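First to last, the sequence lines map onto chains A, B and C.
Take the first sequence: its letter number 16 is residue 15 in numbering that gives the first Met the number 0, and every next letter is one higher.
Take the second sequence: its letter number 7 is residue 6 in numbering that gives the first Met the number 0, and every next letter is one higher.
Take the third sequence: its letter number 16 is residue 15 in numbering that gives the first Met the number 0, and every next letter is one higher.
Here a beta-carbon is modelled for each residue, glycine too, at the ideal position from N, C-alpha and C.
Every value quoted in this text rests on a predicted model; they were computed, and no experiment measured them.
One structure is given here, and the rest of the page talks about it.
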Amino acid sequence: MGLTDLANPTRFMSYSARIIPWLWALAVLVLGFGLYMALVVSPEDYQQGATVRIMYIHVPAAYMGMGAYTLIAISSIGTLVWRHPLADVSARAAAPIGAAFTFVALVTGSLWGKPMWGAWWVWDARLTSVLVLFLMYLGLIALWRAFDDPARGARIVAILALVGFVNIPIIKYSVEWWNTLHQPASLMRRDGPSMPPSMLVPLLVMLAGVSVLFVAMHLSAMRNEVLRRRVRAMQITAARAAATAGA
Amino acid sequence: MTALKALFARELALAVRIGGGALMAVVFFLIVVTVIPFGVGPDLNVLARIGPAILWIGVLLANLLAIDRLFQADQEDGSLDLIVMSPVPLEMTVAVKALAYWMTTGLPLTLAAPLFGMMLNVPPQALGAICLTLLAGTPALTFIGTIGAALTVVLRRGGLLLAILVVPLMIPVLIFGISATTAVITGPTPFLTPFLILVALSLFSLVLGPLAAAAALRASLD
Amino acid sequence: MEILSSLGDHAGFIVAAYLVTFVAIGALIVWIRIDGAAQKRALDALQRRGFRRRADIGVDVDIDADDEETAP
């Protein structure tokens with residue numbers, strides 16, 4: 000079987016049904032191990048103490064927020080170039096998940112910042128970029144919701160997603176420029192230039208676990224979206240049939 | 000070429016005539032500038048410090064005010080279908096429409112900004128910088144807004160959605176516009192560095208805006 | 000509980016961060032499951048009423064014609 004077979008919605012449904020249970024199990028396993036390492040095994044930071052343990056969820060969440068947007072952008076190319084229905088399904092399913100991870104990154108960033116900086120929110124370059132990313136997710140979801148016919152909105156939202164994706168590096172660079180302009184580098188950096196292996200390994204395990212979790216969630220949400228569209232199509236047929244029978 | 004010229008003339012005429020919104024944006028800008036001191040207090044030192052930011056944010060908001068009508072009016076009376084079907088490349092048409100919008104909105108805002116800046120006690124040398132940065136930056140705001148206008152063209156209540164979609168994309172323009180302006184007042188960075196980046200952002204949006212907006216219009220009218 | 004005491008002065012922040020993460024992601028997972036079950040129920044109900052799928056996923060895009068299925 001090739002990728003083109005998977006791209007067929009019916010076959011996608013049967014393959015995904017088979018692998019999703021395994022993905023959930025793998026995610027629980029890896030995340031369980033990662034959490035054990037992050038909370039129990041990994042050492043405290045000499046500067047931040049135990050607060051550094053927030054990093055093991057903050058960094059994977061931020062990474063997943065970015066990763067999900069990248070996936071949406073790739074799917075959008077699929078929608079625009081090949082007009083493939085599954086590409087739109089993929090983008091649409093990824094948006095709320097990406098938004099949730101970005102939200103988690105914001106909240107954990109804030110909870111991390113409070114003991115370190117003494118404020119719930121600091122306009123630090125990275126946190127601010129994540130906030131802008133979150134706003135872009137909200138925009139995408141709002142635009143999707145504005146179209147009652149999913150097929151109509153697909154290409155329009157895909158264009159927005161790509162425009163946003165092109166702008167992300169520019170926004171990131173600008174926010175960093177703005178940040179260095181306004182805040183002298185007196186604040187403690189939240190990550191050193193190099194991380195000891197005792198911290199890096201738990202972080203990598205968490206990153207792997209969150210990635211598997213994301214794939215499981217994404218595939219499940221895609222299945223829901225495919226089903227939703229089938230239901231919608233059948234309801235329209237049913238309504239048409241009822242209308243002709245009545246007339 | 001003549002078609003584009005005719006379109007440009009039509010857009011300008013529509014904006015200037017009764018019912019057009021050419022000066023509305025400037026009035027809105029004045030209202031924003033008037034409201035801010037009520038919030039932060041009339042302290043002239045404070046106003047001088049945040050003046051450039053108020054002016055830039057005011058221009059950003061005022062520029063968004065009418066941009067949702069850029070394609071919607073044409074869509075309602077059917078002329079958008081003709082524009083899309085015409086042999087002139089849609090990207091060019093979009094660019095001309097955006098340019099006309101900038102002439103009737105961005106340019107008046109830019110010219111009004113130094114005047115309003117005096118009301119906010121912005122130092123004289125910064126007034127010139129404001130004018131210059133807005134002249135370089137407002138095209139970017141307009142062309143990014145054009146993308147939002149095209150994305151929401153078929154939606155009944157697109158105005159608010161448009162703002163949500165495009166304002167995050169305008170953040171870099173805002174950052175470099177205000178940096179260049181404050182560089183003149185306080186330093187420490189030279190004026191030219193952020194200003195050149197601002198110009199680059201404008202040029203980039205000059206390309207991205209029409210491309211994306213034309214694609215969105217084609218997708219909307221399918 | 001020894002984990003809690005080992006978290007030091009900022010235990011509250013660390014616990015809150017993990018809690019928010021579990022609640023947010025957990026709620027999304029639960030919602031995905033509920034949504035999936037609801038769509039399946041709706042599909043089954045429609046199929047019981049004797050409606051068949053016309054196109055594959057109801058999108059107006061050409062899909063390979065070989066996967067035309069009938070409802071059981």
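By DSSP's criteria, residue i is part of a beta bridge. Which residues make up the other side?
{"i": "Asp44/A", "result": "Gly48/A"}
With DSSP collapsed to three states, give me the class of residue i.
{"i": "Arg151/A", "result": "helix"}
{"i": "Ser85/B", "result": "coil"}
{"i": "Val198/B", "result": "helix"}
{"i": "Trp55/B", "result": "helix"}
{"i": "Thr185/B", "result": "coil"}
{"i": "Leu50/C", "result": "The sequence as given places Phe at residue 50/C; Leu does not occur at that position. If DSSP states are grouped into helix, strand and coil, Phe50/C belongs with coil."}
{"i": "Asp34/C", "result": "helix"}
{"i": "Thr151/B", "result": "coil"}
{"i": "Arg16/B", "result": "coil"}
{"i": "Pro122/B", "result": "coil"}
{"i": "Asp67/B", "result": "coil"}
{"i": "Asp221/B", "result": "coil"}
{"i": "Pro41/B", "result": "coil"}
{"i": "Met115/A", "result": "helix"}
{"i": "Val121/A", "result": "coil"}
{"i": "Phe190/B", "result": "coil"}
{"i": "His83/A", "result": "coil"}
{"i": "Glu22/B", "result": "Checking the displayed sequence, the identity of residue 22/B turns out to be Leu instead of Glu. In the structure shown, Leu22/B sits in coil (DSSP, three-state: anything other than H, G, I, E or B)."}
{"i": "Asn166/A", "result": "helix"}
{"i": "Arg156/B", "result": "coil"}
{"i": "Pro167/B", "result": "helix"}
{"i": "Phe146/A", "result": "coil"}
{"i": "Met0/B", "result": "coil"}
{"i": "Asn223/A", "result": "helix"}
{"i": "Ile62/C", "result": "Residue confidence for Ile62/C is low, a pLDDT of 42 falling below 50, so the modelled location carries little weight; the figure read from the coordinates is stated next. Of the three classes helix, strand and coil, the one that applies to Ile62/C here is coil, per DSSP."}
{"i": "Gly208/B", "result": "helix"}
{"i": "Pro59/A", "result": "helix"}
{"i": "Met194/A", "result": "coil"}
{"i": "Asn62/B", "result": "helix"}
{"i": "Met187/A", "result": "Low local confidence applies: a pLDDT of 44 at Met187/A is under 50, so the model's placement there is unreliable, and no value is given."}
{"i": "Asn178/A", "result": "helix"}
{"i": "Gly77/B", "result": "coil"}
Among the options, which one has its Cα closest to the Cα of residue i?
{"i": "Asp76/B", "options": "Val152/B, Ala139/B, Val95/B", "result": "Val152/B"}
{"i": "Thr107/A", "options": "Ser74/A, Ala60/A, Gly208/A, His83/A", "result": "Ala60/A"}
{"i": "Leu22/A", "options": "Asn223/A, Thr78/A, Met216/A", "result": "Met216/A"}
{"i": "Gly33/A", "options": "Ile73/A, Met198/A, Phe100/A, Pro149/A", "result": "Met198/A"}
{"i": "Ala65/B", "options": "Gly158/B, Met91/B, Ile53/B, Leu81/B", "result": "Gly158/B"}
{"i": "Met115/A", "options": "Arg227/A, Gln47/A, Met221/A, Thr101/A", "result": "Gln47/A"}
{"i": "Arg262/A", "options": "Leu70/A, Ala153/A, Trp122/A, Leu79/A", "result": "With chain A covering only 0 through 246, there is no way to say anything about residue 262/A."}
{"i": "Met65/A", "options": "Arg82/A, Arg52/A, Tyr136/A, Leu25/A", "result": "Tyr136/A"}
{"i": "Val29/A", "options": "Ala237/A, Ala220/A, Val209/A, Thr243/A", "result": "Val209/A"}
{"i": "Leu25/A", "options": "Arg239/A, Leu212/A, Ile235/A", "result": "Leu212/A"}
{"i": "Pro193/B", "options": "Pro196/A, Val204/A, Leu206/A, Trp176/A", "result": "Trp176/A"}
{"i": "Phe27/B", "options": "Leu161/B, Thr104/B, Leu140/B, Leu216/B", "result": "Thr104/B"}
{"i": "Thr9/A", "options": "Met205/A, Val225/A, Leu105/A", "result": "Val225/A"}
{"i": "Ala150/A", "options": "Arg91/A, Asn166/A, Val121/A", "result": "Arg91/A"}
{"i": "Ile56/A", "options": "Leu38/A, Gly117/A, Ile169/A, Ile170/A", "result": "Leu38/A"}
{"i": "Gly25/C", "options": "Met194/A, Phe100/A, Val58/A", "result": "Phe100/A"}
{"i": "Ser219/A", "options": "Ile33/C, Phe50/C, Arg47/C, Asp43/C", "result": "Ile33/C"}
| field | Proximal residues, the region 169–187 of chain B versus chain A, C-beta separation under 7 Å | value | Ile170, Pro171, Ile174, Phe175, Ser178
| Residues within the region 101–123 of chain A neighbouring chain C, beta-carbon criterion of under 8 Å | Phe102, Val103, Val106, Thr107, Leu110, Trp111, Lys113, Pro114
| query | Within the chosen definition, does the region 9–21 of chain C reach the region 167–174 of chain B through at least 3 CB pairs nearer than 8 Å? | reply | no
| said: Give me the subset of the region 11–40 of chain C whose CB atoms are less than 7 Å from a CB atom of chain A, sorted by chain position. | reply: Phe12, Ile13, Ala15, Ala16, Tyr17, Val19, Thr20, Ala23, Ile24, Leu27, Ile28, Ile31, Asp34, Gly35, Gln38, Lys39
| said: For the region 139–147 of chain B against the region 204–214 of chain B, do three or more pairs of beta-carbon atoms, one drawn from each stretch, fall closer than 8 Å, so that the two count as touching? | reply: yes
| query | Using Cβ-Cβ distances below 7 Å, what residues of the region 146–172 of chain B are close to chain A? | reply | Ile146, Leu150, Leu154, Leu160, Ile163, Leu164, Pro167, Leu168, Ile170, Pro171
| Cβ contact (3+ pairs, closer than 8 Å) linking the region 135–152 of chain A and the region 176–193 of chain B | no
| field | Three-pair Cβ contact test at 8 Å for the region 119–127 of chain B versus the region 39–53 of chain B | value | yes
| chain E contacts from the region 206–232 of chain A (Cβ-Cβ distance under 7 Å) | Of the protein chains in this structure, namely A, B and C, none is chain E.
| chain C contacts made by the region 37–54 of chain A, where a contact means CB separation under 7 Å | Leu38, Val39, Gly48, Ala49, Thr50, Arg52, Ile53
| field | At least 3 beta-carbon pairs within less than 8 Å: the region 120–132 of chain A vs the region 27–44 of chain C | value | no
| How about the region 83–99 of chain A and the region 149–169 of chain A: do they share at least three Cβ pairs that are nearer than 8 Å? | yes
| field | Members of the region 129–140 of chain A that neighbour chain B once the beta carbon cut-off is set at 9 Å | value | Val131, Leu132, Leu134, Met135, Leu137, Gly138, Leu139
| Contact between the region 27–42 of chain B and the region 94–102 of chain B (3+ Cβ pairs under 8 Å) | no
| task | May I ask you to list, following chain order, the residues of the region 56–68 of chain A that have a beta carbon less than 9 Å from some beta carbon of chain C? | result | Ile56, His57, Ala60
| What residues in the region 165–180 of chain A bring their beta carbon closer than 8 Å to a beta carbon of chain B? | Val165, Asn166, Ile169, Ile170, Tyr172, Ser173, Val174, Trp176, Trp177, Leu180
| field | Inter-stretch contact (C-beta, 8 Å, three-pair minimum) for the region 49–61 of chain B and the region 108–115 of chain B | value | yes
| request: State whether the region 129–138 of chain B contacts the region 200–209 of chain B, with contact taken as three or more CB pairs (one from each stretch) at a distance under 8 Å. | output: yes
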